Amino acid sequence: MPLLAYCMTAAALQPEPPFSGVNGSPVESMQVAGVQCLFSQVAENQTTGTRPKEEALAFHRVLQDVFALTAILPFRFPTIVEGESELVAFIEEHASEYRKALARLRDAVQMEIRITSGQSETRQPQNSGGEYLRRRLAEQRELETVARALRQTSAFLVRGWRQRDASGALRCFILLDRGRNAEFQTALVSVQISSNLSVRVSGPWPATEFVKED
Amino acid sequence: MATSNQIVFSGTDASDETSLLDILDHVLNAGVIIRGNLVISLAGVDLVYVGLDVILTSIETTRQYMQGKALPPTKKR
Chain A
1 MPLLAYCMTA AALQPEPPFS GVNGSPVESM QVAGVQCLFS QVAENQTTGT RPKEEALAFH
61 RVLQDVFALT AILPFRFPTI VEGESELVAF IEEHASEYRK ALARLRDAVQ MEIRITSGQS
121 ETRQPQNSGG EYLRRRLAEQ RELETVARAL RQTSAFLVRG WRQRDASGAL RCFILLDRGR
181 NAEFQTALVS VQISSNLSVR VSGPWPATEF VKED
Chain B
1 MATSNQIVFS GTDASDETSL LDILDHVLNA GVIIRGNLVI SLAGVDLVYV GLDVILTSIE
61 TTRQYMQGKA LPPTKKR
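Same order as they appear, the protein sequences are chains A and B. Here the first sequence stands for residues 1 to 214, where the numbers follow the working numbering. Here the second sequence stands for residues 1 to 77, where the numbers follow the working numbering.
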C-alpha cells in the first residue's frame, strides 16, 4: 500500500500521540536503522492532491505537532512511496547522515528572515542595461547591509546563519536554541530598517537549512 | 502577526495569507526529497502529474505579487 512520509525523528515519541494526518489517516511510525519515521497509509483508491492546500496544511499540522516535542527532519510534501520497502530502503541508505543531523539539531529551531526591497514598486524606466545593473547592485548591497545589522544584533543567540538571494529578496536562515525565538525577535527590534525595505521574520521551523554541515 | 518598525513577525500557523504562503513554501520546498511529483485527479478519471517546481514557481510569484512587486516582464518579440 502507498505511504505518505511525514518526517523522521531520533527516537520514538513516548507516549505516542494520536496524530491524525492528511485526509484523516492515522499517523504511524517505524524504526529504521536508528531513525524513527512517521507516515500514513494512502488507500489505493484515495488520490492525494485533490485538495492540495488542505492536504499541505494537514501535513504541516502533523509536522508542527511532532516538532513541538522533538527535532524533526521533514519530508517534502507530498512524498508518496509505493510501499514500506521503498521507504525503508531510502532511509537505510541515508540513515547515518540523518542520525547525525538529528543529534546535532536536537535542541535547535530555525527562524527565517526575508528582506525585500520595495524599490521595484516605484521603478523608473531604465535607460540602459548598465543603469539597471547598477540599481540591482545597489539594492543587493542594501539588503545585505540590513542582513548584517540583524545578524550582529542577534549574534549572542545565533548558532548558525545562512542566507541566499531569492527573486529580489534576501532570505536568511538562523539556527537558534529551542525556546529562544522570543529573545531573538526582541533583539531584532533595535535595528533601524529603511522605509523602502520590508523585513518578515517567521518561525520557529524545523532546521531544514542546517541538515548539511558547512 | 506582530509588527515592529518595518519588521513583521509571524508564527507557523496559517493565521493570515502571508503565513499560509510561508507554510506552503516550507512544506513544498524544505525537507528530504524522495520524489517530487503531485498526483491530481481531474473529474475522478484522469491523473495529472505536476512537477513540484511548477508549484514552487507559482508560490514565489504569488508572494511577490502580494508584496506589491511587479510581476516579471514577459519576453518581447
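All residues carry an ideal CB built from backbone N, CA and C; glycine is no exception. Predicted, not measured: the structure shown is a model, and the values here were computed from it.
Counting C-beta neighbours from all protein chains within 10 Å, is the total for residue i 16 or more, i.e. buried, or is it exposed?
i                 : result
methionine 1(A)   : exposed
glutamate 213(A)  : exposed
threonine 116(A)  : buried
proline 18(A)     : exposed
glutamate 82(A)   : exposed
glycine 44(B)     : Only weak support exists for where glycine 44(B) lies, its pLDDT of 45 falling under 50; the coordinates are left without a value.
leucine 69(A)     : exposed
tyrosine 6(A)     : buried
isoleucine 113(A) : buried
leucine 133(A)    : exposed
To which residues of the same chain is residue i closer than 8 Å at the C-beta, ignoring the five residues directly before and after it?
i                : result
glutamine 163(A) : Ala147, Leu170, Arg171, Cys172, Phe173
serine 154(A)    : Ile174, Phe184, Ala187, Leu188
valine 191(A)    : Val146, Ala149, Leu150, Thr153
Check whether the Cβ of residue i lies closer than 8 Å to any Cβ atom in chain A.
i            : result
serine 15(B) : no
valine 45(B) : Legend: pLDDT at valine 45(B) = 41, less than 50; position of this residue unreliable, value from coordinates given subsequently. No, because no Cβ of chain A sits closer than 8 Å to the Cβ of valine 45(B).
Flag residue i as yes if its beta-carbon sits less than 8 Å from any beta-carbon of chain B, otherwise no.
i                    : result
tryptophan 205(A)    : yes
proline 41(A)        : It should be pointed out that residue 41(A) corresponds to glutamine in this sequence rather than to proline. Chain B, which has no Cβ nearer than 8 Å to the Cβ of glutamine 41(A), makes this no.
alanine 147(A)       : no
isoleucine 174(A)    : no
threonine 79(A)      : yes
alanine 71(A)        : no
arginine 64(A)       : The displayed chain sequence assigns glutamine, not arginine, to residue 64(A). Taking Cβ atoms only, chain B reaches closer than 8 Å to glutamine 64(A), which makes this a yes.
glutamine 102(A)     : Sequence check: residue 102(A) is leucine here, not glutamine. No, its Cβ sits nowhere closer than 8 Å to a Cβ of chain B.
serine 195(A)        : yes
phenylalanine 210(A) : no
leucine 57(A)        : yes
phenylalanine 90(A)  : yes
Thinking C-alpha only, which one of the options is nearest residue i?
i                : options                                  : result
leucine 157(A)   : Gln64(A), Gln110(A), Glu84(A), Ala95(A)  : Gln110(A)
glutamate 92(A)  : Met8(A), Val42(A), Phe184(A), Leu69(A)   : Met8(A)
leucine 87(A)    : His60(A), Ala58(A), Phe39(A)             : Phe39(A)
valine 32(A)     : Val62(A), Val22(A), Ala89(A), Leu3(A)    : Ala89(A)
arginine 61(A)   : Asn29(B), Ile33(B), Thr12(B), Asp25(B)   : Thr12(B)
asparagine 23(A) : Val42(A), Gly118(A), Phe77(A)            : Val42(A)
arginine 51(A)   : Glu84(A), Phe77(A), Ala166(A), Glu16(A)  : Phe77(A)
alanine 138(A)   : Ser25(A), Gln64(A), Asn196(A), Phe67(A)  : Asn196(A)
arginine 99(A)   : Ser25(A), Tyr132(A), Ser190(A), Ile72(A) : Ile72(A)
aspartate 165(A) : Arg141(A), Ala149(A), Gln152(A)          : Arg141(A)
leucine 63(A)    : Glu17(B), His26(B), Asp16(B)             : His26(B)
serine 25(A)     : Leu13(A), Leu3(A), Phe75(A)              : Leu3(A)
Can you give me the Cβ contacts of residue i inside the same chain, cut-off strictly under 7 Å, excluding the 5 residues immediately before and after it?
i               : result
aspartate 22(B) : Ser10
With a CB to CB cut of under 6 Å and the five nearest residues on each side skipped, what residues in its chain are close to residue i?
i                   : result
alanine 108(A)      : Leu175, Ala207
valine 211(A)       : Ala101
arginine 180(A)     : Leu157
phenylalanine 59(A) : Val22, Phe77
arginine 178(A)     : Asp107, Val109
If the cut is a Cβ gap below 9 Å, which residues of chain D does residue i touch?
i             : result
valine 201(A) : Given the protein chain composition of this structure (A and B), no chain D is represented.
Item to complete: Closer than 8 Å, Cβ to Cβ, to anything on chain B: give me those residues from the stretch 1-30 of chain A, in chain order.
Response: Ala5, Cys7, Met8
Discussion item. Beta carbons nearer than 8 Å to chain B: which residues of the stretch 173-192 of chain A have them?
Written reply: Gln185, Leu188, Val189, Val191, Gln192
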